[in-house]
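Below: the structure, in structure tokens.
In the working numbering, the protein residues as written are 88 to 237.
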């Protein structure tokens, strides 16, 4: 099996696993639409996003691409979430924890428990990675220890 064939097989297996949990492109679209509707109305996250997202429709398209890439290894996302988050001043543990809470709440409204657990594992890993980088970038330490993860 060539490297390309192996990558294609792995991608297909990842998609089949997600779909067995009820996670498909329609699920991702519902998740993004509902989550960002909550974010925009949220007292904590709303002002942060309002200051950094000028045009919502392209942002939502990009977030759909991002999450399809995360959940299905679709390879369609092009961007650097780390850089986007590092330019936000004072983005810290409380904000990421709140983001995760809203995200988990959204998942509980749209899918199965298995889908919620699967997506939240990835969301938590992403949040911890971004938070660790923010801590380093802000000169507040060397990142997160295992005990400090969200």
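Built from N, CA and C at the ideal position, the CB exists for glycine as well.
Please list the terminal residues of the continuous alpha helix (DSSP H) segment that includes residue i.
i	result
residue 163	Neither: residue 163 is in no alpha helix (DSSP H) and is coded neither H nor E.
residue 188	180-197
residue 157	143-159
residue 95	90-107
residue 134	132-139
Where does residue i land, buried or exposed, given buried means 16+ other C-beta within 10 angstroms?
i	result
residue 170	exposed
residue 214	buried
residue 118	buried
residue 126	buried
residue 198	buried
Expressed to the nearest angstrom, what Euclidean distance is found between the alpha-carbon atoms of residue i and residue j?
i	j	result
residue 131	residue 149	22 Å
residue 152	residue 98	15 Å
residue 133	residue 223	25 Å
residue 135	residue 183	12 Å
residue 101	residue 156	11 Å
residue 94	residue 88	10 Å
residue 206	residue 106	12 Å
residue 90	residue 162	15 Å
residue 137	residue 204	29 Å
residue 168	residue 116	19 Å
Once DSSP output is grouped into helix, strand and coil, what is the label at residue i?
i	result
residue 218	helix
residue 237	coil
residue 119	helix
residue 175	coil
residue 213	helix
At the 8 Å Cβ level, is residue i part of the contact set with chain C, yes or no?
i	result
residue 182	Among the protein chains of the structure shown there is no chain C, as only one such chain exists.
Since residue i contacts residue j with CB under 8 Å, what's their CB separation in whole angstroms?
i	j	result
residue 191	residue 121	About 12 Å separates the two Cβ atoms, so there is no contact after all.
residue 108	residue 201	5 Å
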